[in-house]
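Shown next, in structure tokens, is the structure this report addresses.
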Amino acid sequence: MMDEIRSPRLVGARVLRVEDRRLLTGCGRFVADIALDRMLSAKFVRADLAHGNLTGVDVSAGLSIDGVRAVFVGSDFADHEVRCVSSYEGFQPSGQPILAVDRVRFVGEAVAMVIADDEYVAEDACDAVIVDIEALTPILSRAQALADHAEPLHPGWVDNAYARRVLRTPGFDQAVANAEHHLTLQLTNGRHTGIPIETRACVAEHDRGSGVFRLFTTTQIPHLIRAGLSLALGVPESSIQVVSPDVGGGFGVKAQLYVEDVACCLAARALGRPIKWVEDRREHFIASHHSREHYHTVTAHFDSDGVVQALEADIAVDMGAYSVFPWTATMDNGMAMGILPGPYRIHHYAATGTPYCTNKTPYGAYRGVARPAACFSIERLIDQIARHRGLDRVEVRRRNLLQRSDYPWHSPSGLVYDSGSLIESMDKVLELADYDGLLADQAQARAEGRLFGIGLVAFTEQTAHSTQEFKLRGVPIVFGYETVRVRMDASGHAVVAASIHDHGQGLDTTLAQITADRLGLAIEDVRVQYGDTDSVAYGSGTFASRSAVLAGGAATKAADVVADVLREVAAHCLEASPQDVVLDAGKLWVRGTPSRSIEIKEVCRIVYQRPERLPDGVEPMLEASRTYDAAPGTGAYTNAAHLATVEVDLQTGKSRVLTYAVVEDCGPMINPMIVEGQIFGGIAQGIGTALFEELLYDDDGQPLSTTFADYLMPTMTDVPDFRVAHLQTPSPHTIGGIKGMGEGGAIPPGAVIAAAVEDAISPLGHVVVTQLPLTPERVLDYIDAAKNQGGGR
Amino acid sequence: MREINLVINGSDVQATVADRLLLSDFIRDDQRLTGTHVGCEHGYCGSCTVLLDGASVRSCLTLAVQTDGHVIETVESLAVGADLHPIQEAFRSNHGLQCGFCTPGLLMTTLELARENRDCSRDEIRERLAGNLCRCTGYHQIVDAVQAVLRTGLSR
Chain F
3 MMDEIRSPRL
13 VGARVLRVED
23 RRLLTGCGRF
33 VADIALDRML
43 SAKFVRADLA
53 HGNLTGVDVS
63 AGLSIDGVRA
73 VFVGSDFADH
83 EVRCVSSYEG
93 FQPSGQPILA
103 VDRVRFVGEA
113 VAMVIADDEY
123 VAEDACDAVI
133 VDIEALTPIL
143 SRAQALADHA
153 EPLHPGWVDN
163 AYARRVLRTP
173 GFDQAVANAE
183 HHLTLQLTNG
193 RHTGIPIETR
203 ACVAEHDRGS
213 GVFRLFTTTQ
223 IPHLIRAGLS
233 LALGVPESSI
243 QVVSPDVGGG
253 FGVKAQLYVE
263 DVACCLAARA
273 LGRPIKWVED
283 RREHFIASHH
293 SREHYHTVTA
303 HFDSDGVVQA
313 LEADIAVDMG
323 AYSVFPWTAT
333 MDNGMAMGIL
343 PGPYRIHHYA
353 ATGTPYCTNK
363 TPYGAYRGVA
373 RPAACFSIER
383 LIDQIARHRG
393 LDRVEVRRRN
403 LLQRSDYPWH
413 SPSGLVYDSG
423 SLIESMDKVL
433 ELADYDGLLA
443 DQAQARAEGR
453 LFGIGLVAFT
463 EQTAHSTQEF
473 KLRGVPIVFG
483 YETVRVRMDA
493 SGHAVVAASI
503 HDHGQGLDTT
513 LAQITADRLG
523 LAIEDVRVQY
533 GDTDSVAYGS
543 GTFASRSAVL
553 AGGAATKAAD
563 VVADVLREVA
573 AHCLEASPQD
583 VVLDAGKLWV
593 RGTPSRSIEI
603 KEVCRIVYQR
613 PERLPDGVEP
623 MLEASRTYDA
633 APGTGAYTNA
643 AHLATVEVDL
653 QTGKSRVLTY
663 AVVEDCGPMI
673 NPMIVEGQIF
683 GGIAQGIGTA
693 LFEELLYDDD
703 GQPLSTTFAD
713 YLMPTMTDVP
723 DFRVAHLQTP
733 SPHTIGGIKG
743 MGEGGAIPPG
753 AVIAAAVEDA
763 ISPLGHVVVT
773 QLPLTPERVL
783 DYIDAAKNQG
793 GGR
Chain S
363 MREINLVING
373 SDVQATVADR
383 LLLSDFIRDD
393 QRLTGTHVGC
403 EHGYCGSCTV
413 LLDGASVRSC
423 LTLAVQTDGH
433 VIETVESLAV
443 GADLHPIQEA
453 FRSNHGLQCG
463 FCTPGLLMTT
473 LELARENRDC
483 SRDEIRERLA
493 GNLCRCTGYH
503 QIVDAVQAVL
513 RTGLSR
């Protein structure tokens, strides 16, 4: 481990963001803003049936439209596909064609690609292309997918499970036998996804002279896209440049290689002109990946004190039609199986997992990956144990949550939790939210006949997991490390080139804070670069709450190498020993003698422009690249406690979140302002998970949620003000003790709000809320069920 | 094709455009003012909001030909040289943006509100800006920013 940050001036402070100026003035450069010379527009014709044999595509009417340059169909690109094979035993791989060849497997699958002078003409031509599909029965549910005689959706498969996983700790059966009480819940999480406000887009060009492809694309993972393109195009990675400029939100949906990226590259090569494609919103709902559709059956085996002795889980995830690159089709299942025991002292655990294939849009990552569903399952169980034993929800958590003395905790699924403050964060959120006051408010509301409920969750979040963790997940590319190059110029400024990507997280600012502190610079003297595979070193990109830890660590290591050179050259100039030279605030000086000093920019000038003044053996270079993977690679565990109050309208079933309080512990914060922004944004997405967002299909596999009128995202009036406080428990594993926190806000709101809704309607009778999102219709069903049960009233 | 004459960010613009050309595409592709962003083309997300004769409109639901004889303001009109507009300053100081994609639409909607020159409660601000979706911030810090600018006013 490196030493602590020396006299930090920027790390830990609420530094305003360096990226804001360009984004506020309209000077951001997003992919859709790019216009290249001789560029053509692409639009896709998409399957309008969920499952069928593609018997013909008649492009003649499309091609005859003035301004149409080409129409490509599946056979044009049949040598290419997107394939991602998990190393899990028994994994059944699927190859997604760039354009469907003989079969369509979801509504929205690309069937033909029109290239025209502009988007308007391209859309006219798409309407004129005639697609013949001979309908087959679609598979749209777990029951249909895994039925005994169900036809496999892919050639060579034996059934429709991408894989099956089993996990069982030794002694599990005995622990179950010893437990006095048993409680089972079946839980459903609606299909929904990240929905950034910027849709996907790409611009591809191919240089016939060098054979190099250049792809501008809206991605969180430029190098991984290059790796995937290399496989799909059949050219070496060095023949591909991927550039991801400003990206308008990612949330996981832009951490994937899509067929449109490949198609635009192939069309650009075929036509010798740049090709631009901008996804429209309807396409985004049907062709960008979906997420979150989990079905869990969970059983808690517990004693009379409400202490869990063993946990059992059956997990099924609707992964849609194809395995996605680079995640495969097993990631959500693996994550859910791993993290379901959550923050509790559970020793015995058995789980089965089945990611299955359906005729729906393929499924990929969304902020939190499986953890919102896992948190929903375990927290709903804990709440029911409390009710079963007649205990307060706080007390039952206090009895089961890990305490500081339990760390490092080896979870029954094999995870190693490094550190945390679960009980402290719960206590602090009760204080922050004024829990006693809320109980009084609730009594008052109930006296007035209003349905007012409180929900509480404490949870732990695996972050910054690297080599060890991803090796276990069976992904073909192990997302181990990130890389940062720090280079100082002759003016005394630094450029930080990082393999991660910023799309709203403020990493421009946080990496500048870290580097500036290590090099004794002002934040204005540091420029951060990312997104272009030709100018930054190999790495994975930004996802899984790992960039601040891994890229921050790599920046620290690289900056320290450069700082050592500055110190050595300064020592030579000042006739002192390098160990006696202090670097800070733009200067280097001899410890104890501040008057013997030299400015950093003067040292930089000497290094590059006056090599004759360098000490022997020092090269005229201020540059270092370092990688960092936060050994042992099992993750830094952030934890938090969330408390919300909800009022339910008895007549309409509409739930309104009244207050929301969070205590977050992500270790030492690089920038508390940015941390809070990440938490708030995550919670708002979680409120969408809890109350609004669902990608519905009809019985024929037609998507019903294809505009913002059908798919409701939280607006400003759906989200309350937030209250937030922090604890800072450093990770023993990471540089600076930093933990990730990008996803945490989005993980528990479903569980918190479900608990609050259940609590709100409990005066009418007892029901267990097990289904998300809690749309007004579902809440009315729960209200009816509660009334039929009869209750305290 | 039709000829239109309008004012964009204080400059006279004359252009010949197709009848079906959207204002958003005219601003972005023809005028190359790419600060205005398009998020849905259905009029829901509000990212493409610009001011037409001072009133907020969805440029994705407006045809370029409808702006003949009118005055358009986009996000590019706000800052003067290196000096940010007070609304931009407020968004920056309050961390009212993350990825920045929805931001231009929010800035223009806020400008319309701020020109009414009155203070608003947080709930009123939320009502007035509810037509602009943001997926990153969770809105809290946007409300902080708008509240700050309504209190300090638009004078630079």
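Protein chains in written order, with the working numbering: chain F, 3 to 795; chain S, 363 to 518.
The beta carbon of each residue, even a glycine, is placed where N, CA and C say it ideally should be.
Within the segment 397 to 418 of chain S, Gly397, Thr398, His399, Val400, Gly401, Cys402, Glu403, His404, Tyr406, Cys407 and Ser409 place their CB atoms closer than 8 angstroms to a CB of chain F, listed in sequence order.
In the assembly as shown, Gly738 (chain F) is a buried residue. Its beta-carbon has 16 or more other beta-carbons within 10 Å.
Cα atoms of His735 (chain F) and Asp700 (chain F): separation of roughly 48 angstroms, rounded to the nearest angstrom. Annotation: Cys266 (chain F) is outside any beta strand (DSSP E); the continuous alpha helix (DSSP H) that includes it extends over Val261 to Leu273.
Judged by DSSP in its simplified three-state form, Glu484 (chain F) adopts strand.
Contact between the segment 602 to 622 of chain F and the segment 458 to 474 of chain F is not established, with fewer than three Cβ pairs separated by less than 8 angstroms. By DSSP's assignment, Asp39 (chain F) forms no beta bridge with any residue. The contact set of Gln450 (chain S) on chain F, defined by CB atoms closer than 9 angstroms, consists of Asp22, Arg23, Leu26 and Thr27 in chain order. DSSP places Tyr324 (chain F) outside both helix and strand once states are collapsed to three, so it counts as coil. Contact of His432 (chain S) with chain F by beta-carbon distance below 8 angstroms is absent, the smallest such distance being about 20 angstroms. Glu489 (chain S) belongs to the set of residues whose beta carbon lies under 8 angstroms from a beta carbon in chain F. For Ser418 (chain S), no alpha helix (DSSP H) run applies; the uninterrupted beta strand (DSSP E) run containing it begins and ends at Ala417 to Arg420, by DSSP.
Taken through DSSP and simplified to helix, strand or coil, Gly467 (chain S) comes out as helix. In this structure Gly251 (chain F) is in contact with Cys461 (chain S), their Cβ atoms being roughly 4 angstroms apart against a cut-off of 8 angstroms. Distance from the CA of Leu235 (chain F) to the CA of Asp263 (chain F), rounded to the nearest whole angstrom, comes to 11 angstroms.
Within the segment 247 to 270 of chain F, Asp248, Val249, Gly250, Gly251, Gly252 and Phe253 place their CB atoms closer than 9 angstroms to a CB of chain S, listed in sequence order. With respect to the C-alpha of Tyr346 (chain F), the residue from F:Asn162, F:Val418 and F:Arg24 having the closest C-alpha is F:Val418.
In this structure, the beta-carbon distance from Thr517 (chain F) to Ala496 (chain F) falls below 8 angstroms. Per DSSP, the beta bridge partners of Ser373 (chain S) are S:Ile370.
Separation of Ser537 (chain F) and Arg23 (chain F) (C-alpha to C-alpha, rounded to the nearest whole angstrom) is 23 angstroms. Residue nearest to Asp436 (chain F) within the set F:Ile676, F:Arg725 and F:Asp783 is F:Arg725 (criterion: CA-CA distance). From the beta-carbon of Phe453 (chain S), the residues of chain F found nearer than 8 angstroms are Asp22 and Leu26.
Shortest Cα-Cα distance from Ile487 (chain S) to any of S:Pro466, S:Ala510 and S:Thr499 involves S:Ala510. Scanning chain F for C-beta atoms nearer than 7 angstroms to the C-beta of Thr465 (chain S) yields Leu25 and Leu26, reported in chain order. Ala441 (chain S) has its alpha-carbon roughly 31 angstroms from the corresponding atom of Gly744 (chain F). Secondary structure of Ala445 (chain F) (DSSP, three-state): helix. Within the model, the alpha-carbon separation for Thr719 (chain F) versus Phe174 (chain F) is close to 47 angstroms.
Considering only S:Ala452, S:Arg497 and S:Gly515, the residue with the shortest C-alpha distance to Val505 (chain S) is S:Ala452. Val113 (chain F) is not a Cβ neighbour of Val73 (chain F), given a cutoff of 8 angstroms. The secondary-structure analysis by DSSP pairs Gly746 (chain F) with nothing; it has no beta-bridge partner.
Nearest to Phe461 (chain F) by alpha-carbon distance, out of F:Leu440, F:Leu342 and F:Val106, is F:Leu342. Ranking F:Ser542, F:Gly679 and F:Ala756 by CA distance to the CA of Ala229 (chain F) puts F:Ser542 first.
Taking 8 angstroms as the threshold, the shortest C-beta distance from Gly500 (chain S) to chain F falls below it.
Among the residues of chain F, none has a CB under 8 angstroms from the CB of Ala510 (chain S); the nearest is roughly 14 angstroms distant.
Leu268 (chain F) is not a Cβ neighbour of Arg71 (chain F), given a cutoff of 8 angstroms. Using a Cβ-Cβ distance cut-off of 8 angstroms, the segment 77 to 89 of chain F and the segment 663 to 675 of chain F are not in contact, since fewer than three pairs of beta carbons, one from each stretch, lie closer than that value.
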